[in-house]
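What follows is one structure encoded as structure tokens, with my remarks underneath.
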Amino acid sequence: MIVAVPSEHGEVERRVALTPDAVARLTGRGLDVLVQSGAGLGASIRDDDYVEAGGRIAPDEASLLADADMLVLVTKPTSAHVDSLRSGAAVAGMLQPLVDGELVERLSARGLTALSLDAVPRITRSQSMDALSSQATVAGYKAVLIAANMLPRFFPMLMTAAGTVPPAKVLVLGAGVAGLQAIATARRLGAVVSAFDTRPAVKEQVQSLGATFVELELDVEEGEDTRGYATELSESQHAQEQALIERHVTASDVVITTALIPGRPAPRLITGAAVSAMRTGSVIVDLAAEAGGNCELTEPGRVVIRDGVAIVGTFNIPSTMPLHASQMYARNMTTLLELVTSDGALALDFDDEIVADACITHEGRVVSRLLAGAAP
Numbered sequence: 082m083i084v085a086v087p088s089e090h091g092e093v094e095r096r097v098a099l100t101p102d103a104v105a106r107l108t109g110r111g112l113d114v115l116v117q118s119g120a121g122l123g124a125s126i127r128d129d130d131y132v133e134a135g136g137r138i139a140p141d142e143a144s145l146l147a148d149a150d151m152l153v154l155v156t157k158p159t160s161a162h163v164d165s166l167r168s169g170a171a172v173a174g175m176l177q178p179l180v181d182g183e184l185v186e187r188l189s190a191r192g193l194t195a196l197s198l199d200a201v202p203r204i205t206r207s208q209s210m211d212a213l214s215s216q217a218t219v220a221g222y223k224a225v226l227i228a229a230n231m232l233p234r235f236f237p238m239l240m241t242a243a244g245t246v247p248p249a250k251v252l253v254l255g256a257g258v259a260g261l262q263a264i265a266t267a268r269r270l271g272a273v274v275s276a277f278d279t280r281p282a283v284k285e286q287v288q289s290l291g292a293t294f295v296e297l298e299l300d301v302e303e304g305e306d307t308r309g310y311a312t313e314l315s316e317s318q319h320a321q322e323q324a325l326i327e328r329h330v331t332a333s334d335v336v337i338t339t340a341l342i343p344g345r346p347a348p349r350l351i352t353g354a355a356v357s358a359m360r361t362g363s364v365i366v367d368l369a370a371e372a373g374g375n376c377e378l379t380e381p382g383r384v385v386i387r388d389g390v391a392i393v394g395t396f397n398i399p400s401t402m403p404l405h406a407s408q409m410y411a412r413n414m415t416t417l418l419e420l421v422t423s424d425g426a427l428a429l430d431f432d433d434e435i436v437a438d439a440c441i442t443h444e445g446r447v448v449s450r451l452l453a454g455a456a457p
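In the working numbering, the protein residues as written are 82 to 457.
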């Protein structure tokens, strides 16, 4: 079975789906790994590194796709990918099946088996395949560095001959993987950190990192679904949530927002009025920008200044740390491939709940349990 690794096509995508250590692991299991020439350059990985790990190099995309039994990507496949793969081949990547129904239908119509890492269930056994979490770790860390770079003041408290400088106040909205990493990074830089989440269960995690937990005292039925994601609040609950958040936003120097609901637009947590009340020079880094943003003044894909506040809506922040982001993603991908292959061939066990959730299309049909659960 030939596992093919293309160069990614996004304008800001520097990651690669497999790194040399992953190639060595897969070739040791009898898989043949073919890498498009230059695919790893954005992540500072040379073609020679792949060859030394046991991979082969394809000179261009056309020859790569012609030989591919399984195409592995970080992002979604392009139309050229889908049309060029033979029927019966497989695709694995972050396919976003809940929001890209057109891609799901095209994959099914072409007879391709599609595996989506962002559909892997959040259970203990699948933690090593959880690409959403690995990339959120990168995003949460880098978001704080972006904010620290833009903030016109120190993060830590400094006691100097010129006087004492108070620490920056950082508010993190959402205490999932990205939020927790943002909290930890901001604390390491010496900031005073508080965090808000609708899920009471994360309070202990927030406090264990040295941050203050901002609590919304409502009955939100634990605030999360069976997969561990935050659930949507009612209209009245959301209004109370915004009022609470606004009080803390206006007292903060930096706000990192991470709130997402799978398959839906990002919840709006920060109003324009709250931004206007922030101190000049404050920074908001909106990690939900690709889903519309948690701040109503976020312009997805751009960094803007509104009322003296910098609002960062940059897409694909993990790609700004491409080497480690790629290594983490490659480990997720490799673990999934080890689950779905046997003796060098694709072997899907649909009695396995990971396979049942992660497999989106197979043999010309949409087979996703995730999509079945999302249907009205």
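Heads up, the beta-carbon is just placed ideally off N, CA and C, and yes, glycines get one too. All of these numbers come straight from a predicted model, not from anything done at the bench.
Non-local beta-carbon contacts of T156 in its own chain, meaning distances under 8 Å to residues more than five positions away in sequence, involve E89, H90, G91, E94, G174, M175 in chain order. Taken in chain order, the unbroken stretches of beta strand (DSSP E) that lie wholly in the stretch 124 to 210 and span 3 residues or more are 137 to 139, 151 to 153, 171 to 174, 194 to 197. In this structure, R268 sits near A292, with a CB-CB distance shorter than 9 Å.
Within the DSSP bridge table, the entry for G244 names T241 as partners.
The continuous alpha helix (DSSP H) containing T415 extends over residues 403 to 421. When DSSP states are grouped into helix, strand and coil, V97 belongs to the coil group. Here the alpha carbon of E186 sits roughly 11 Å from the alpha carbon of V448. In terms of Cα proximity to G374, the closest of P399, G389, D388, A340 is A340.
Straight across, the Cα-Cα distance linking L112 with G136 is about 10 Å.
Straight-line measurement puts the Cα of F235 at about 41 Å from the Cα of L179.
For secondary structure counted as the beta strand (DSSP E) over 3 or more consecutive residues, the stretch 325 to 368 holds these complete runs in sequence order: 335 to 338, 364 to 367. A straight line joining the alpha-carbon of E419 with that of T194 spans about 16 Å.
Distance between D438 and P281, taken at the CA atoms: about 27 Å.
Per DSSP, R387 is one residue of the beta strand (DSSP E) stretching across 384 to 387. In the assembly as shown, Q208 is an exposed residue. Its beta-carbon has fewer than 16 other beta-carbons within 10 Å.
Per DSSP, reduced to three states, the secondary structure at V225 is helical.
Our two residues, S165 and A149, have alpha carbons roughly 10 Å apart in a direct line. A Cβ-Cβ contact shorter than 9 Å links P158 with L188. The Cβ atoms of M82 and A320 do not sit closer than 9 Å to each other. Looking only at F431, A171, S125, the smallest Cα-Cα distance to A147 is reached by A171.
Proximity of the stretch 385 to 403 to the stretch 349 to 366 meets the contact definition, three or more beta-carbon pairs being nearer than 8 Å.
Rounded to the nearest angstrom, the gap between the Cα atoms of S168 and E444 is 9 Å. The beta-carbon distance between M359 and V330, rounded to whole angstroms, is 7 Å. This is short enough to meet the 8 Å contact definition.
In the structure shown, T293 falls within a strand segment according to DSSP collapsed to helix, strand and coil.
Distances from the alpha-carbon of V163 to those of Q177, L184, A370 put L184 closest.
Under the three-state reduction of DSSP, A120 is assigned to coil, being neither helix nor strand. In the structure shown, H90 adopts coil according to DSSP, grouped into three states.
Between V273 and V253, the C-beta gap is not smaller than 9 Å, which leaves the two residues out of contact.
Beta-bridge annotation (DSSP): K250 is paired with V273. Assignment of V283 by DSSP, reduced to helix, strand and coil, places it in the helix class. Beta-bridge pairing by DSSP links I392 to I365, V385.
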